[in-house]
Amino acid sequence: MSAFFNNTSPTSLTFFLTGVPGLEAAHTWISIPFCCLYIVALSGNGMILFVIVTEPSLHEPMYYFLSMLSSTDLGLCISTLFTVLGIFWFNAREISFNACLAQMFFIHLFTFMESSVLLAMAFDRFVAISNPLRYATILTHSRITQIGAAIVLRGTVILIPLVLLLKRLSFCRSLVLHHSYCFHPDVMKLSCSDTKVNSAFGLTAIISTAGVDSVFILLSYILIICSILSIASPKERKKAFSTCISHVTAVAIFYIPLISLSFVHRFGKRAPPYVPTLIANIYLLIPPAMNPIIYSVKTKQIRKAILKVFHPKGILI
Numbered sequence: 001m002s003a004f005f006n007n008t009s010p011t012s013l014t015f016f017l018t019g020v021p022g023l024e025a026a027h028t029w030i031s032i033p034f035c036c037l038y039i040v041a042l043s044g045n046g047m048i049l050f051v052i053v054t055e056p057s058l059h060e061p062m063y064y065f066l067s068m069l070s071s072t073d074l075g076l077c078i079s080t081l082f083t084v085l086g087i088f089w090f091n092a093r094e095i096s097f098n099a100c101l102a103q104m105f106f107i108h109l110f111t112f113m114e115s116s117v118l119l120a121m122a123f124d125r126f127v128a129i130s131n132p133l134r135y136a137t138i139l140t141h142s143r144i145t146q147i148g149a150a151i152v153l154r155g156t157v158i159l160i161p162l163v164l165l166l167k168r169l170s171f172c173r174s175l176v177l178h179h180s181y182c183f184h185p186d187v188m189k190l191s192c193s194d195t196k197v198n199s200a201f202g203l204t205a206i207i208s209t210a211g212v213d214s215v216f217i218l219l220s221y222i223l224i225i226c227s228i229l230s231i232a233s234p235k236e237r238k239k240a241f242s243t244c245i246s247h248v249t250a251v252a253i254f255y256i257p258l259i260s261l262s263f264v265h266r267f268g269k270r271a272p273p274y275v276p277t278l279i280a281n282i283y284l285l286i287p288p289a290m291n292p293i294i295y296s297v298k299t300k301q302i303r304k305a306i307l308k309v310f311h312p313k314g315i316l317i
């Protein structure tokens, strides 16, 4: 069998995805909350994008960045939707090598992009609070477009070598993946080739994206807090803090599941096999589902624009 896999082109291989280990009999019931999360994420982010595009009063830097966040969340949901629900509903576990690489590419691309967008939003809040008079001249439409292009380019440039390095590997072990979607460390572990270069490049990719972004987000908020504390009026300080609540919450729901998944993989060896699988799915589903709710509840302009869609004659809030 080993010789068979060694002599087989990786592109002709078929991987087998995993649902929730040990809970296969309950997959139909487990699919219900997952389906609900997908519906909330897709409809919520779609609505955010729609109101930002159609409402002229939302054509400002803060909302452009929010539209980027909603776009990455939509991409992340669509990247995992078919394999996750396919397993739960139809037990469709097979995925070809090329399809697996494509899914892996987009999952990681949208994850890296979300991290970058959260950093851009932190910069937006810093400029708005520390230098409000120059806010419009610093964050012009052309500069926001450049930031968006840089976010996509950075993720793509980092991921292309990662995919190419996987294509050179040989696979001679079990081809059963541990998640309901293709994840770089998961695919890499199935190889019988030397994966030191893949592992090092994967770690470098994470550090140079989410790692660097998290450090700069933290630094941004240190500067934001210093700027807010320098404001004399308590009322103005409270108002400045309130504009950051939505973003801080979005950062928390993105990084906390990511850190939890990392800890489980490294220190949760005795945990039931379904624990890392559920955390991994939560990591990819909770931020896209929660972000539109957070911004709808905490941002008055977004809330008014959404209500305007359903009640065109207007409801004053």
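Residue numbers for the sequence shown follow UniProt numbering, so the first one is 1 and each next one is one higher.
Backbone N, C-alpha and C define an ideal beta-carbon position, used for all residues, glycine too.
- Message: Give me, in chain order, the residues of the same chain whose beta-carbon lies closer than 7 Å to that of Y295; leave out the 5 immediate sequence neighbours on both sides.
- Response: Answer for Y295: I48, L66, S246, I302, listed in chain order.
- Message: Please list the terminal residues of the continuous beta strand (DSSP E) segment that includes T145.
- Response: From DSSP, T145 is part of no beta strand (DSSP E) but of the alpha helix (DSSP H) over 141-167.
- Message: Could you compute how far the alpha carbon of L182 sits from the alpha carbon of P234?
- Response: Per the sequence presented here, residue 182 reads as Cys, with Leu not at that position. Distance from the CA of C182 to the CA of P234, rounded to the nearest whole angstrom, comes to 50 Å.
- Query: Is the distance from the Cβ of T277 to the Cβ of H141 below 8 Å?
  - Reply: Not closer than 8 Å, so no.
- Counting Cβ pairs, one atom from each stretch, are 3 or more of them under 8 Å apart for the segment 157-165 and the segment 197-205? Because the criterion of three Cβ pairs below 8 Å is met, the segment 157-165 and the segment 197-205 touch.
- Task: Going by DSSP, name the residue or residues bridged to S31.
- Result: S31 pairs with nothing; no bridge assigned.
- Item | Minimum C-alpha distance to R173 - residue among I160, K308, K189 | Out of I160, K308, K189, K189 has the C-alpha closest to the C-alpha of R173.
- Per DSSP, what kind of secondary structure is E94 in: helix, strand or coil? Strand.
- Task: Name the two residues that bound the continuous alpha helix (DSSP H) containing F171.
- Result: Here F171 belongs to no alpha helix (DSSP H), and DSSP marks it neither H nor E.
- Task: Look at D213 and L118 and say whether their C-beta atoms are less than 8 Å apart.
- Result: Yes; because the gap between Cβ atoms is below 8 Å, this pair is in contact.
- Query: When you compare only the Cα positions, how much space is there between L175 and V20?
  - Reply: Between the C-alpha atoms of L175 and V20 there is a straight-line separation of about 17 Å.
- What residue from S70, I222, D124, F34 has the CA that sits closest to S113's CA? Note on residue identity: the sequence assigns Met, not Ser, to residue 113. Comparing alpha-carbon positions, the option among S70, I222, D124, F34 lying closest to M113 turns out to be S70.
- Message: Pull the bridge partners of T14 from the DSSP assignment, please.
- Response: DSSP lists S96 as partners of T14.
- Task: Could you tell me whether the segment 146-164 touches the segment 116-132, where touching means 3 or more Cβ pairs closer than 8 Å?
- Result: The segment 146-164 makes contact with the segment 116-132; the number of CB pairs closer than 8 Å reaches 3 or more.
- Query: Who are the near neighbours of K298 in its chain, counting only those whose CB is closer than 6 Å to its CB and skipping five residues on each side?
  - Reply: If we look at K298 and ignore the five residues flanking it on each side, its Cβ neighbours are I245, S246.
- Task: Go ahead and pull the three-state DSSP assignment for S233.
- Result: Of the three classes helix, strand and coil, the one that applies to S233 here is coil, per DSSP.
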